[in-house]
Amino acid sequence: ARDIVNLFRQHFTYSQAQSVIKRLISLDLLRTTKSGKLVSRYKSIQSKDDVVNKAIQVYHQSMCDIASEAVTDFAVDQREFQSLSIPIREDQLPLDKDLIRKFRTQFVKTLGSENGNSVYQLNIQFFQLTERQETNKVS
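If you count the sequence shown from 1, you need to add 1223 to reach our numbering.
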């Protein structure tokens, strides 16, 4: 657990790391090898789509806070930030979300590595900036 605490930029305690490790092992998401190394049981995990869960909301808010710090904490060659505001049709929202989910899955399949030497965070946000407008139908 000490090694994990020292690896991450965000500050948390040894006891917090121990608690998280125990929980991940009890959830069968993490295991200990014969040599004592902690390894993930899965290449990636994800929650079900479109489920409201307070813990997931808190996690997303936390990752947004960390991303905000990364804008100034990392050189531009060590991070990637993009932003895009576009008009969309609300009836196509399911398609829009499906495309984002497919991108995420393909990203993990293509670039995720069990033998990676660093951990990066990819956040994808897609939300409405404008107030909901009723469409005016001309009779």
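Cβ coordinates follow ideal geometry from the N, Cα and C atoms, glycine included.
Under the three-state reduction of DSSP output, residue 1316 falls in the helix class.
The stretch 1262-1282 makes contact with the stretch 1330-1347, as at least three CB pairs between them are under 8 Å. For residue 1255, the uninterrupted beta strand (DSSP E) run begins and ends at 1253-1255, by DSSP.
A contact between stretches requires three or more CB pairs, one per stretch, nearer than 8 Å, and the stretch 1320-1329 meets this requirement with the stretch 1340-1360. Separation of residue 1282 and residue 1330 (C-alpha to C-alpha, rounded to the nearest whole angstrom) is 20 Å. For residue 1263, the beta-bridge partners assigned by DSSP are 1253. Assignment of residue 1342 by DSSP, reduced to helix, strand and coil, places it in the coil class. Here residue 1251 has 1264 as same chain residues with Cβ atoms under 7 Å from its own Cβ, once five neighbours each way along the sequence are excluded. Under the three-state reduction of DSSP, residue 1302 is assigned to coil, being neither helix nor strand.
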